[in-house]
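Below: one structure, written as structure tokens.
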């Protein structure tokens, strides 16, 4: 666990599900403030909506974070 706060959040389950489907997330302050840019970059690549742009396992293993 990086910060204890998920990148997707909404009290409304339908809206939360839509955020997940659309890969609409934010690294909300203050929860994500102390997380390195490299870690955030890694997460962004893993959660890329477009499968052709999403990290492969090999790319994930090569990421510097």
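Numbering (full-length UniProt numbering), first residue to last: 1 to 65. Glycine included, C-beta positions come from ideal geometry on N, C-alpha and C.
Let me know if residue 7 comes out buried or exposed under the rule of 16 or more other beta-carbons within 10 Å of its beta-carbon. buried
Leaving out five residues before and five after residue 66 in sequence, what residues of the same chain have Cβ atoms less than 8 Å from its Cβ? This structure leaves residue 66 out entirely; the chain is present only between 1 and 65.
Measuring CA to CA, which of 57, 49 and 62 is closest to residue 25? 49
Are residue 27 and residue 35 closer than 8 Å when you measure CB to CB? yes
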